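Trainee: Residue numbers (the working numbering): 1495 to 1658.
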Amino acid sequence: KQWYQRRVAITAGEKALEIIDKHLIYWPKFTVHKCKQRYTKIVQYLIRMRKLRKKNTKKLVSRDLKMEKRESRREAKALAAAQLDQSIEKELLERLKKGTYGDIYNIHKDVFEKLVDEVEEEEEEEESEFVEDFDESDLEDIEDYSLEMEMEGVGAKKKVKITE
């Protein structure tokens, strides 16, 4: 049943080859030569494996293309829905500014405050004046004007009328 015996391999190359010669003394030279070749091949394989273990190599990671495609489709749909929501909001704000619906009914607080802020910014931009020369008498006018603006600003937060 057993045509061969297992022997422990010796790491010293020349000594291992001598042991192979010693144990296979009555075998044909071709078989002895093949055994020596097999031994050197295994030793070289083990040396390469040790070198590769010591070397830090990049690990290959597979990509799940099916999941990536699915995620990209979901992102595209989410972007389309977000753009649709934004366009609807812009259209409603434009209609509200034009006064298409008349009085304000059932508007979200955030959207309403955003609209009020936009209107106030537009009014501030329209009312700014640049003067070339500045006198002390103008300082009193500016103080009076700023007090009037503050009073109007307080009233504007309570009741807003949007006109174009």
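Each residue gets a CB set at the ideal place from its N, CA and C atoms; glycine is no exception.
Remember, predicted model here, so these are calculated numbers, not experimental data.
#1: Please classify Ala-1506 as buried or exposed, where buried requires at least 16 other C-beta atoms within 10 Å of its C-beta.
#2: Alpha helix (DSSP H) containing Asp-1579: first to last residue?
#3: Judging by CA-CA distance, which residue of Leu-1511, Glu-1512, Arg-1567, Thr-1525 is the nearest neighbour of Trp-1497?
#4: Is Ala-1510 helix, strand or coil when you go by DSSP?
#5: Could you say which of Glu-1569, Ala-1570, Phe-1606, Arg-1564 lies nearest to Glu-1583 if we only look at CA atoms?
Mentor: By the coordinates alone:
#1: Burial call: exposed.
#2: 1559-1592
#3: Thr-1525
#4: helix
#5: Phe-1606
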